[in-house]
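Single-structure report; data block below.
Number of protein chains: 2
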Amino acid sequence: MATPARDVRTPVRPRRPRGLRTRRAILRRAVALASLEGLESLTIGRLAGALRMSKSGLFAHFGSKEELQYAAVEAAGEIFADEVIRPAAGLTGLRRLRVLCERWFRYAELRALPGGCFFTAASLEFDDRPGRVRERIVELMEKWMLRLERTVREAQEAGEVERGVDARQIAFEIHALAMGANWRSRLFRDPAAFRTARRAIFGRIDQIATAGRRRR
Amino acid sequence: MATPARDVRTPVRPRRPRGLRTRRAILRRAVALASLEGLESLTIGRLAGALRMSKSGLFAHFGSKEELQYAAVEAAGEIFADEVIRPAAGLTGLRRLRVLCERWFRYAELRALPGGCFFTAASLEFDDRPGRVRERIVELMEKWMLRLERTVREAQEAGEVERGVDARQIAFEIHALAMGANWRSRLFRDPAAFRTARRAIFGRIDQIATAGRRRR
DNA sequence: CCTACCGATCGGTAGG
DNA sequence: CCTACCGATCGGTAGG
Numbered sequence: 203m204a205t206p207a208r209d210v211r212t213p214v215r216p217r218r219p220r221g222l223r224t225r226r227a228i229l230r231r232a233v234a235l236a237s238l239e240g241l242e243s244l245t246i247g248r249l250a251g252a253l254r255m256s257k258s259g260l261f262a263h264f265g266s267k268e269e270l271q272y273a274a275v276e277a278a279g280e281i282f283a284d285e286v287i288r289p290a291a292g293l294t295g296l297r298r299l300r301v302l303c304e305r306w307f308r309y310a311e312l313r314a315l316p317g318g319c320f321f322t323a324a325s326l327e328f329d330d331r332p333g334r335v336r337e338r339i340v341e342l343m344e345k346w347m348l349r350l351e352r353t354v355r356e357a358q359e360a361g362e363v364e365r366g367v368d369a370r371q372i373a374f375e376i377h378a379l380a381m382g383a384n385w386r387s388r389l390f391r392d393p394a395a396f397r398t399a400r401r402a403i404f405g406r407i408d409q410i411a412t413a414g415r416r417r418r
Numbered sequence: 203m204a205t206p207a208r209d210v211r212t213p214v215r216p217r218r219p220r221g222l223r224t225r226r227a228i229l230r231r232a233v234a235l236a237s238l239e240g241l242e243s244l245t246i247g248r249l250a251g252a253l254r255m256s257k258s259g260l261f262a263h264f265g266s267k268e269e270l271q272y273a274a275v276e277a278a279g280e281i282f283a284d285e286v287i288r289p290a291a292g293l294t295g296l297r298r299l300r301v302l303c304e305r306w307f308r309y310a311e312l313r314a315l316p317g318g319c320f321f322t323a324a325s326l327e328f329d330d331r332p333g334r335v336r337e338r339i340v341e342l343m344e345k346w347m348l349r350l351e352r353t354v355r356e357a358q359e360a361g362e363v364e365r366g367v368d369a370r371q372i373a374f375e376i377h378a379l380a381m382g383a384n385w386r387s388r389l390f391r392d393p394a395a396f397r398t399a400r401r402a403i404f405g406r407i408d409q410i411a412t413a414g415r416r417r418r
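Just so you know, the protein sequences line up as chains A and B, in that order. Sequential numbering from 203 applies to the first sequence in this note's numbering. Sequential numbering from 203 applies to the second sequence in this note's numbering.
Set out below in structure tokens:
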């Protein structure tokens with residue numbers, strides 16, 4: 203099959219295709235809105251209005267509301283990876299665990315999204331709604347929990363964490379305390395929420411560390 | 203002003219007025235549905251359908267959707283009081299703290315509502331929606347957090363908890379770990395969630411207790 | 001990417 | 001407590 207010859211006026215390195223740029227702009231706004239109002243309250247009409255597009259123009263990018271929600275979860279996962287996972291990529295052991303936690307706090311403290319942690323809200327909103335959106339949220343949260351657990355276990359194998367510690371248990375505790383910070387911060391508009399949660403989490407990490415406490 | 207004479211056939215102890223009984227039946231169903239799908243997704247039409255009533259018949263009890271939501275929060279608060287607060291009413295100190303926690307777990311483990319803890323879901327759903335419903339959720343959650351805090355402080359004054367412990371900090375940690383159990387249980391359908399959270403919470407209480415650990 | 005439209009459902013009202 | 005209805009908005013489609 204012959205491919206059609208390129209028009210000479212087409213730039214050699216083509217700009218990102220228009221459709222993709224629009225799609226990304228839509229999703230950025232969708233994730234921000236969903237962090238505030240929830241994934242289900244994010245209606246196509248209001249999202250289109252906020253972007254000054256027609257409903258059908260926006261709709262054409264996704265084909266269904268469920269696909270829009272799914273794509274928003276995926277986009278939120280990318281933000282989470284950029285803000286939390288990747289900054290800890292080169293590290294290991296307890297240092298890595300502490301950086302993951304600290305980056306999570308930065309991510310949740312209004313720096314990334316206006317409504318706080320997207321997944322805290324979305325996973326409680328969708329925990330009883332069957333479908334692809336829920337399944338994708340479950341996958342991403344499972345990955346995050348396993349990442350925490352694995353990091354604790356690696357620190358343990360490196361001798362930084364006491365032998366008897368249950369890595370899965372610690373992963374649960376860290377995540378629960380982090381979500382609790384998001385909850386208290388958003389519900390009570392309490393700026394002390396993240397300070398309290400940092401104390402709890404870093405205190406817990408110090409407890410399980412070998413060679414006494416307060417080592418950093 | 204003369205009150206009209208009672209009809210002789212009216213029973214001496216009058217049955218609960220019909221309207222009130224219907225209202226309670228509506229709210230029981232509303233709280234159950236809201237625990238599953240959220241307070242906002244609870245529409246008047248579907249709630250009426252589930253109760254085999256007309257929309258307007260149901261609507262007449264509340265006057266607006268916001269009033270229905272407010273009344274549902276109030277009804278959920280009553281369930282919470284019955285299931286969690288009152289069983290610990292006669293107790294003090296660490297015993298009281300442990301019973302409050304254990305009753306919370308029983309309340310959240312599907313015993314009271316099909317969707318788990320109503321307030322965990324509702325407080326994250328409404329944390330960014332202004333209005334009376336949010337304000338009432340805030341009040342009830344504040345009351346609960348202060349109750350936990352006060353209980354820790356009383357245990358401290360009774361010498362059951364170490365002097366240096368920050369009661370407010372412990373209240374936060376307990377509540378965060380409990381919410382985490384609800385989150386993990388609902389999202390992953392993980393029956394181990396509550397066992398893990400119990401370990402975390404009762405372990406933490408043992409840590410702050412005077413006279414060594416494992417005292418019960 | 002748009003205008004113009006669909007049937008269904010939303011919260012809420014009139015009138016009984 | 002009901003039937004019958006309102007305008008607005010929902011997700012989605014036709015056709016360009």
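Think of the CB as a built atom: it goes at the ideal place given N, C-alpha and C, for glycine as much as any other residue. This one's a predicted model, so the numbers in the text were calculated from it and none came from an experiment.
query                                                                                                                                                                                     : result
Identify whether residue 252/B lies in helix, strand or coil by the three-state DSSP scheme.                                                                                              : helix
With a threshold of 9 angstroms between beta-carbons, can residue 275/A be considered close to chain B, or not?                                                                           : no
With respect to the alpha helix (DSSP H) encompassing residue 357/A, which residues constitute its N-terminal and C-terminal limits?                                                      : 334-359
Find out if the Cβ-Cβ distance for the pair residue 270/B, residue 323/B is shorter than 9 angstroms.                                                                                     : no
Reducing DSSP to helix, strand and coil, say where residue 411/A ends up.                                                                                                                 : strand
Which complete alpha helix (DSSP H) runs does the stretch 282-327 of chain A hold, if anything under 4 residues is left out?                                                              : 295-308 and 320-327
Assuming residue 222/B is part of the alpha helix (DSSP H), what are its boundary residues?                                                                                               : 220-239
Please list the partners that residue 396/B has in chain A, where partner means a Cβ-to-Cβ separation under 7 angstroms.                                                                  : Neighbours of residue 396/B on chain A: none; closest Cβ ~11 angstroms, over 7 angstroms.
Please classify residue 221/B as buried or exposed, where buried requires at least 16 other C-beta atoms within 10 Å of its C-beta.                                                       : exposed
Work out the CA separation of residue 289/A and residue 419/B for me, nearest whole Å.                                                                                                    : Only positions 203 to 418 of chain B appear in the structure, and residue 419/B is not among them; the question remains open.
Between which residues of its own chain and residue 382/A is the CB-CB distance below 7 angstroms, once the five residues before and five after are set aside?                            : 399
Please confirm if the stretch 227-244 of chain B is in contact with the stretch 324-334 of chain B, defined as three or more CB-CB distances below 8 angstroms between the two stretches. : yes
Any beta carbon from chain A within less than 9 angstroms of residue 234/B's own beta carbon?                                                                                             : no
Quick check: the stretch 351-361 of chain B against the stretch 361-368 of chain A, are there 3 or more CB pairs under 8 angstroms?                                                       : no
Below 8 angstroms on C-beta distance, what does residue 239/B contact in chain A?                                                                                                         : 330 and 331
Of all the CB atoms in chain B, is at least one closer than 9 angstroms to the CB of residue 374/A?                                                                                       : yes
Using a cut-off of 9 angstroms between C-beta atoms, extract the partners of residue 317/B located in chain A.                                                                            : 329 and 330
Can you tell me whether residue 292/B is buried or exposed, with buried defined as 16 or more other CB within 10 angstroms of its CB?                                                     : exposed
Please confirm whether residue 400/B has its beta-carbon closer than 9 angstroms to some beta-carbon of chain A.                                                                          : no
Rounded to the nearest angstrom, how far is the Cβ of residue 316/B from that of residue 234/B, given a contact under 8 angstroms?                                                        : 6 angstroms
Kindly list, in the order they appear in chain A, the residues whose Cβ is closer than 8 angstroms to that of residue 259/B.                                                              : Chain A residues near residue 259/B: none, gap ~27 angstroms exceeds 8 angstroms.
Would you verify that the beta carbon of residue 382/B is, or is not, closer than 9 angstroms to some beta carbon of chain A?                                                             : yes
Give a yes or no on whether the C-beta atoms belonging to residue 310/B and residue 378/A are separated by under 9 angstroms.                                                             : no
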